[in-house]
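For reference, the structure discussed in these notes is given below.
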Amino acid sequence: MSLLISVEEAEFTFLKEKTESTAGNLSVQLDKLEKAGYIEIEKSFRGKRPLTTCKITQVGLKAFEAYVENLRNYIE
Numbered sequence: 001m002s003l004l005i006s007v008e009e010a011e012f013t014f015l016k017e018k019t020e021s022t023a024g025n026l027s028v029q030l031d032k033l034e035k036a037g038y039i040e041i042e043k044s045f046r047g048k049r050p051l052t053t054c055k056i057t058q059v060g061l062k063a064f065e066a067y068v069e070n071l072r073n074y075i076e
């Protein structure tokens with residue numbers, strides 16, 4: 001989520017590289033975030049290769065901001 005806040009959208013390979021996740025683990029996590037309404041996933045092709053692009057939704061942004069605020073309150 002923190003990666004998606006800083007960009008308009010991100011490709012699956014970028015997220016996989018930055019999070020150092022396996023493709024399977026990242027897929028499961030992205031699926032959960034999509035089902036919660038926190039991100040949108042678009043599947044397409046670049047040439048003949050599949051391309052998965054993710055972007056954060058307004059619901060996801062608000063949920064992440066609330067999460068960060070809760071962490072701040074916990075730490076204080």
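Here the sequence shown is numbered in UniProt numbering, starting from 1 and rising by one per residue.
Think of the CB as a built atom: it goes at the ideal place given N, C-alpha and C, for glycine as much as any other residue.
Distance check for Lys43 and Glu11, CA to CA, integer angstroms please.
On the sequence shown, residue 11 is found 11 positions in, with the first residue counted as 1. On the sequence shown, residue 43 is found 43 positions in, with the first residue counted as 1. C-alpha separation (whole angstroms): 10 angstroms.
Might you give, ordered along the chain, the residues of its own chain that have their beta carbon closer than 6 angstroms to the beta carbon of Phe64, omitting 5 neighbours on each side?
Counting from one through the sequence shown, the residue named residue 64 turns up at place 64. The answer, listed in chain order, is Met1.
Tell me where the alpha helix (DSSP H) around Ser2 begins and ends.
For this step, residue 2 is matched to residue 2 along the sequence shown. Segment Ser2 to Ile5, the alpha helix (DSSP H) holding Ser2.
Rounded to a whole number of angstroms, what is the C-alpha to C-alpha distance between Leu30 and Arg46?
Within the sequence shown, residue 30 is the residue found at index 30, counting from 1. Within the sequence shown, residue 46 is the residue found at index 46, counting from 1. Roughly 20 angstroms between the two C-alpha positions.
Kindly indicate which residue of Leu71, Lys32, Asn25 and Leu61 has the alpha-carbon position closest to the one of Ser6.
To locate residue 6, count along the sequence shown from 1; it is residue 6. Taking only the C-alpha atoms, the option nearest Ser6 is Leu61.
For a test of the three-state rule: what should DSSP assign to Glu20, helix, strand or coil?
Residue 20 sits at position 20 when you count from the first residue of the sequence shown. Residue state, collapsed to three classes: coil.
Any idea what DSSP makes of Thr13, helix, strand or coil?
Within the sequence shown, the letter at position 13 stands for residue 13. Three-state result, Thr13: helix.
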